[in-house]
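Novice:
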Amino acid sequence: MSAGLAAYRAAAALAAPAVGLLLRRRLAAGREDAGRLGERLGVPGMARPAGGLVWVHAASIGESVSVLPLVQAICDRPSAPTVLVTSTTTASASMLSRRLPPGAIHQYAPVDTPGAVRGFLRHWRPDLSLLVESELWPTMLTEVRRSGIPIVLLNGRMSDRSYRRWSRAPSAAASLLRGFALCLARSPEQAARLRSLGALKVRCVGDLKDAADPLTADGEALDRLRAAVAGRPVWLAASTHPGEEELVGAAHRIAARRHEALLTIIAPRHPERGEAVADQLRRGGLSVARRSAGDRIEPQTELYIADTIDELGLFYRLAPVAFVGGSLVPHGGHNLLEPARLGCAVLHGPHVANFAETVSGMTKAGAAALVDDAAGLGATVDRLLADPAERQRLADAAAAFVAGRGRVLEAVLAELAPFLDPIRKPAAD
Numbered sequence: 072m073s074a075g076l077a078a079y080r081a082a083a084a085l086a087a088p089a090v091g092l093l094l095r096r097r098l099a100a101g102r103e104d105a106g107r108l109g110e111r112l113g114v115p116g117m118a119r120p121a122g123g124l125v126w127v128h129a130a131s132i133g134e135s136v137s138v139l140p141l142v143q144a145i146c147d148r149p150s151a152p153t154v155l156v157t158s159t160t161t162a163s164a165s166m167l168s169r170r171l172p173p174g175a176i177h178q179y180a181p182v183d184t185p186g187a188v189r190g191f192l193r194h195w196r197p198d199l200s201l202l203v204e205s206e207l208w209p210t211m212l213t214e215v216r217r218s219g220i221p222i223v224l225l226n227g228r229m230s231d232r233s234y235r236r237w238s239r240a241p242s243a244a245a246s247l248l249r250g251f252a253l254c255l256a257r258s259p260e261q262a263a264r265l266r267s268l269g270a271l272k273v274r275c276v277g278d279l280k281d282a283a284d285p286l287t288a289d290g291e292a293l294d295r296l297r298a299a300v301a302g303r304p305v306w307l308a309a310s311t312h313p314g315e316e317e318l319v320g321a322a323h324r325i326a327a328r329r330h331e332a333l334l335t336i337i338a339p340r341h342p343e344r345g346e347a348v349a350d351q352l353r354r355g356g357l358s359v360a361r362r363s364a365g366d367r368i369e370p371q372t373e374l375y376i377a378d379t380i381d382e383l384g385l386f387y388r389l390a391p392v393a394f395v396g397g398s399l400v401p402h403g404g405h406n407l408l409e410p411a412r413l414g415c416a417v418l419h420g421p422h423v424a425n426f427a428e429t430v431s432g433m434t435k436a437g438a439a440a441l442v443d444d445a446a447g448l449g450a451t452v453d454r455l456l457a458d459p460a461e462r463q464r465l466a467d468a469a470a471a472f473v474a475g476r477g478r479v480l481e482a483v484l485a486e487l488a489p490f491l492d493p494i495r496k497p498a499a500d
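In this note's numbering, the protein residues as written are 72 to 500.
1. Does the stretch 93-108 come close enough to the stretch 444-462 that 3 or more CB-CB pairs lie under 8 Å?
2. Ends of the beta strand (DSSP E) at Arg-361?
3. Taking the beta strand (DSSP E) that Pro-339 falls in, what are its first and last residues?
4. Starting from the C-beta of Asp-500, find all residues in its chain whose C-beta is less than 6 Å away, skip the five residues before and the five after it, and write them out in chain order.
5. Is the beta carbon of Glu-369 closer than 8 Å to that of Ile-337?
6. Would you identify the three-state DSSP class for Val-90, choosing helix, strand or coil?
7. With a floor of 4 residues, list each alpha helix (DSSP H) that falls wholly inside the stretch 292-345, ordered by position along the chain.
8. Throw me the rounded Cβ distance for the Leu-407 and Thr-434 pair, which I believe falls under 8 Å.
9. Using the three-state DSSP reduction, which class does Asp-500 fall into: helix, strand or coil?
10. Is DSSP giving Trp-237 helix, strand or coil here?
11. If you draw a straight line from the alpha carbon of Leu-465 to that of Ile-494, how long is it in whole angstroms?
12. At 4 residues or longer, and completely inside the stretch 114-170: list those alpha helix (DSSP H) runs for me, N to C.
13. Look up Arg-495 in the DSSP assignment and say whether it is helix, strand or coil.
14. Does the pairing of the stretch 172-188 with the stretch 196-216 give three or more beta-carbon distances under 8 Å?
15. Answer yes if the stretch 352-368 comes into contact with the stretch 281-292, meaning at least three C-beta pairs across the two stretches below 8 Å, and no otherwise.
16. Please work out which residues of its chain come closer than 7 Å, Cβ to Cβ, to Gly-133, disregarding the five sequence neighbours upstream and downstream, and give them in chain order.
17. Of all the options Glu-373, Phe-490 and Ala-360, which has the alpha carbon lying nearest to the alpha carbon of His-330?
18. Does the separation of the CB atoms of Ala-309 and Leu-383 fall below 8 Å?
19. Look at the Cβ atom of Leu-418, then the Cβ atom of Ala-457, and state whether they are nearer than 8 Å.
20. Whose CA, out of Thr-184, Ala-327, Ala-100 and Ala-151, lies closest to the CA of Val-114?
21. Whether or not the stretch 480-493 and the stretch 217-235 are in contact is what I'm after, with contact meaning three or more pairs of Cβ atoms, one per stretch, closer than 8 Å; do they touch?
22. Where Val-348 and Arg-148 are concerned, what is the direct C-alpha to C-alpha distance, given to the nearest angstrom?
23. To which residues of the same chain is Arg-97 closer than 8 Å at the C-beta, ignoring the five residues directly before and after it?
24. Quick check: the Cα distance between Gly-345 and Ala-292, rounded to an integer number of angstroms?
25. Going along the chain, which residues of its own chain have a beta-carbon closer than 8 Å to the beta-carbon of Thr-160, five neighbours each way excluded?
26. By a C-beta neighbour count over all protein chains shown, 10 Å radius and 16 as the cutoff for buried, is Ala-262 buried or exposed?
27. When burial is assigned at 16 or more other CB atoms within 10 Å of the CB, is Arg-478 buried or exposed?
28. Just reading off the beta strand (DSSP E) that Gln-371 is part of, what are its end residues?
29. Less than 7 Å between C-beta atoms, sequence neighbours within five positions excluded: which residues of the same chain meet that for Ser-233?
30. Buried or exposed: which applies to Ala-327, given that a residue is buried once 16 or more other Cβ atoms fall within 10 Å of its Cβ?
31. Between Pro-391 and Thr-311, what straight-line distance do the alpha-carbon atoms span, to the nearest angstrom?
32. Flag this pair as yes or no: are the beta carbons of Arg-119 and Leu-94 separated by less than 8 Å?
33. Among residues of its own chain, excluding the 5 on either side of Ile-325, which ones have a beta-carbon nearer than 6 Å to its beta-carbon?
34. Short of 8 Å in beta carbon distance, which residues of its chain neighbour Cys-415, apart from the five on each side in sequence? Order them along the chain.
35. Taking all protein chains shown into account, do 16 or more other C-beta atoms lie within 10 angstroms of the C-beta of Leu-207, making it buried, or fewer, making it exposed?
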């Protein structure tokens, strides 16, 4: 272990008493689950099923959605092991509780302290650990490795910021990455980054998000919304972050000059921000309704805040034009393939480093449109709502791009087969 990692582990152990206070603060802010707080400290919320167990860790809702087809495929294997999926956010937990297949269970991931991680591992005793994207928690990785559990990185990526940070600590980075039995990178660029930081066995098989099913939607809820907005032009700003909602409000005013009955839907990335977002926009003089508050969409409603969990598929189906947030502010963007699968004309801002390869491919295919600011967003929404042919061309190009992304899931399963084949459920009596 490098000196840097040893120092981190020592600091994590010393900080353990303060973790409870931090979790209580997060609980007060609506970011933790009161009934399951013990899971974050390594105290199990249920008994371990008998037989083999594969642990899949996906931090938040985006990673959790991307891994669902893989979880289903593992559960569909003959003599399939139990799949334990961990995540850290309440939104991901709520979504997974509804969408995990039979044979899979959810727990919150332990915080990265020795006591919490060891308690988690003692109880669950996984036969294989699959970590999704960029979850390089030093204590977790060290303890899993010491337990003799093979670790595979799925959909591996390293953001520009993380890559620069780990590059300044090459010994620590190499020590962590060499603990992976296999790293499956989501792009050639990400594979090169992982190798340069010390990963020994790296493959590039594509992005798991390409294998995701279309986001789900309740049919009756969709019918009710379509009836409520019948005859009105509608567009969606999805997965927005602080600083973007004000820009979306400004874009609404621009597009509404020509589309007087315009309804703008805003789905904050973190639904618990819904009330604050609504208050901010009301102060700007806009008429706002909130879904989580049970507000109806009235004829005078200008903005509808979709601040509920796991309903984004509903609004992508409702709106023919979708802007994907986290991209007008420097957050790195979100998944453009989700609206592309559901028939939307797709827009994004300039900050898309987290999905650079996808955005580049969609741009070359004429399958997404870049907007630089509120004025550009408003003008583009105005133009697409006024020109159904152009809007459909953009949506069709996005759908064609998604359809041509290949068979990523099959490639991932082939790479995982040597790890999965020895893991079995116990034979039935």
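Glycine included, each C-beta is placed from N, C-alpha and C at the ideal position.
Being a predicted model, the structure only gives us computed values, none of them experimental.
Specialist: With the structure as the only source:
1. no
2. Translated into positions along the sequence shown, residue 361 becomes position 290. Arg-361 -> beta strand (DSSP E) spans 359-361.
3. Taking the first residue of the sequence shown as 1, we reach residue 339 at position 268. Looking at the DSSP string, the run of the beta strand (DSSP E) that includes Pro-339 is 334-339.
4. Within the sequence shown, residue 500 is the residue found at index 429, counting from 1. Summary for Asp-500: the model assigns pLDDT 45, below 50, so the residue's position carries little reliability; its value from the coordinates is reported in the next sentence. Correct list: empty, nothing qualifies.
5. Position 266 of the sequence shown holds residue 337. Position 298 of the sequence shown holds residue 369. In this structure, Glu-369 does not lie closer than 8 Å to Ile-337 by Cβ.
6. The sequence position of residue 90 within the sequence shown is 19, counting from 1. Val-90 falls in the helix class under three-state DSSP.
7. 315-326
8. Sequence index remark: in the sequence shown, residue 407 carries index 336 (1-based). Sequence index remark: in the sequence shown, residue 434 carries index 363 (1-based). Your pair Leu-407 and Thr-434 does not check out as a contact, with CB atoms roughly 10 Å apart and the cut at 8 Å.
9. By one-based count along the sequence shown, residue 500 stands at place 429. Because Asp-500 sits at a pLDDT of 45, beneath the cut-off of 50, its placement in the model cannot be relied upon, and the following sentence gives the value as read from the coordinates. Under the three-state reduction of DSSP, Asp-500 is assigned to coil, being neither helix nor strand.
10. For the purposes of this step, residue 237 is taken as the residue at position 166 of the sequence shown. The answer is helix: DSSP assigns Trp-237 an H, G or I state.
11. Start at 1 with the first residue of the sequence shown, and residue 465 comes out as number 394. Start at 1 with the first residue of the sequence shown, and residue 494 comes out as number 423. Rounded to whole angstroms, Leu-465 to Ile-494 spans 45 Å at the Cα level.
12. 132-146 and 161-170
13. As a position in the sequence shown, residue 495 is number 424, starting the count at 1. Note: Arg-495 maps to coil in three-state DSSP.
14. yes
15. In short, these stretches do not touch, since the Cβ pair count stays below three.
16. Residue numbering aside, residue 133 sits at position 62 when the sequence shown is read from its first letter. So the list reads His-405 and Asn-406, once near-sequence residues are dropped.
17. Stepping through the sequence shown from its first residue, residue 330 is reached at position 259. Per the Cα distances, Glu-373.
18. Numbered from 1 along the sequence shown, position 238 holds the residue referred to as residue 309. Numbered from 1 along the sequence shown, position 312 holds the residue referred to as residue 383. Against a cut-off of 8 Å, the Cβ pair of Leu-383 and Ala-309 comes out as a contact.
19. Position 347 of the sequence shown holds residue 418. Position 386 of the sequence shown holds residue 457. For Leu-418 and Ala-457, no; Cβs fall outside 8 Å.
20. The residue given as residue 114 occupies position 43 in the sequence shown. Checked all of Thr-184, Ala-327, Ala-100 and Ala-151; the closest Cα to Val-114 is Thr-184.
21. yes
22. Locating residue 348 in the sequence shown gives position 277, counting from the first residue. Locating residue 148 in the sequence shown gives position 77, counting from the first residue. The alpha-carbon atoms of Val-348 and Arg-148 are separated by roughly 45 Å.
23. By one-based count along the sequence shown, residue 97 stands at place 26. Cβ neighbours of Arg-97 within its own chain (closer than 8 Å, five residues either side excluded): Glu-103.
24. Here residue 345 is taken as the residue at index 274 of the sequence shown, counted from 1. Here residue 292 is taken as the residue at index 221 of the sequence shown, counted from 1. Straight-line Cα distance between these residues: approximately 19 Å.
25. Here the question's residue 160 lines up with position 89 in the sequence shown. For Thr-160, where only same-chain residues beyond five positions count, the Cβ hits under 8 Å are Arg-102, Ala-130, Ser-131 and Ile-132.
26. Your numbering for residue 262 matches position 191 in the sequence shown. Buried, since its Cβ has 16 or more Cβ neighbours within 10 Å.
27. Numbered from its first residue, the sequence shown carries residue 478 at position 407. That one is exposed.
28. Residue numbering aside, residue 371 sits at position 300 when the sequence shown is read from its first letter. No beta strand (DSSP E) contains Gln-371, which DSSP labels as neither H nor E.
29. Within the sequence shown, residue 233 is the residue found at index 162, counting from 1. The residues are Ser-205.
30. In the sequence shown, counting from the first residue as 1, residue 327 sits at position 256. When all chains shown are included, Ala-327 counts as buried.
31. The residue you call residue 391 lines up with position 320 of the sequence shown. The residue you call residue 311 lines up with position 240 of the sequence shown. Approximately 18 Å, taken between the alpha carbons.
32. If you number the sequence shown from 1, residue 119 lands on position 48. If you number the sequence shown from 1, residue 94 lands on position 23. No.
33. Locating residue 325 in the sequence shown gives position 254, where the first residue counts as 1. Excluding sequence neighbours, Ile-325 sits near Gly-449.
34. As a position in the sequence shown, residue 415 is number 344, starting the count at 1. So the qualifying residues of the chain are Leu-307, Tyr-387, Ala-390, Pro-391, Val-392, Ala-393, Ala-466 and Ala-469.
35. Residue numbering aside, residue 207 sits at position 136 when the sequence shown is read from its first letter. The residue in question, Leu-207, is buried, as its Cβ has 16 or more Cβ neighbours within 10 Å.
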